[in-house]
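*Asks:* First the structure, then my questions, so here it is.
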Amino acid sequence: MYDFQLIIKHILEYGVRWASQQEIVYRDLVRYTYRDMYERVHRLANALKDLGIKKGDKVAVLDWDSHRYLECYFAIPMMG
């Protein structure tokens with residue numbers, strides 16, 4: 004049994020809490036830490052809110068296995 008709900012934001016928050024300086028590497032092209040990713044995800048979530056997207060809206064992402072897709076994977080559900 005877990006001490007918290009298994010929701011997507013907890014996965015990222017766990018990484019920030021326990022390994023904030025651990026590097027995330029995408030194809031040796033992009034490198035940033037969990038802390039950096041957390042900040043990028045929150046900026047993206049806020050930008051989507053500023054565009055008028057709200058809880059319950061459908062958001063499509065057209066991308067393929069990239070760091071940007073991973074950021075969307077976390078940012079979209081973290082908006083609500």
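Position one of the sequence shown corresponds to residue 4 (our numbering), numbered consecutively onward. Glycine included, each C-beta is placed from N, C-alpha and C at the ideal position. In this text, all values refer to a predicted model and were calculated from it rather than measured experimentally.
(1) For residue 37 versus residue 25, is the C-beta spacing smaller than 8 Å?
(2) Report back the beta-carbon spacing between residue 78 and residue 44 to the nearest angstrom; my notes put them in contact at under 8 Å.
(3) Span of the beta strand (DSSP E) holding residue 34?
(4) How would you label residue 50, buried or exposed, when you count the other beta carbons within 10 angstroms and need 16 or more for buried?
*Replies:* In short:
(1) Reading the sequence shown from its first residue, position 34 is the one you call residue 37. Reading the sequence shown from its first residue, position 22 is the one you call residue 25. The answer is yes: Cβ separation under 8 Å.
(2) Working through the sequence shown from its first residue, we reach residue 78 at position 75. Working through the sequence shown from its first residue, we reach residue 44 at position 41. Yes, residue 78 and residue 44 are in contact; Cβ-Cβ is about 5 Å, under 8 Å.
(3) As a working note, residue 34 is residue 31 in the sequence shown. The continuous beta strand (DSSP E) containing residue 34 extends over residues 33–36.
(4) Residue 50 sits at position 47 when you count from the first residue of the sequence shown. Result: exposed.
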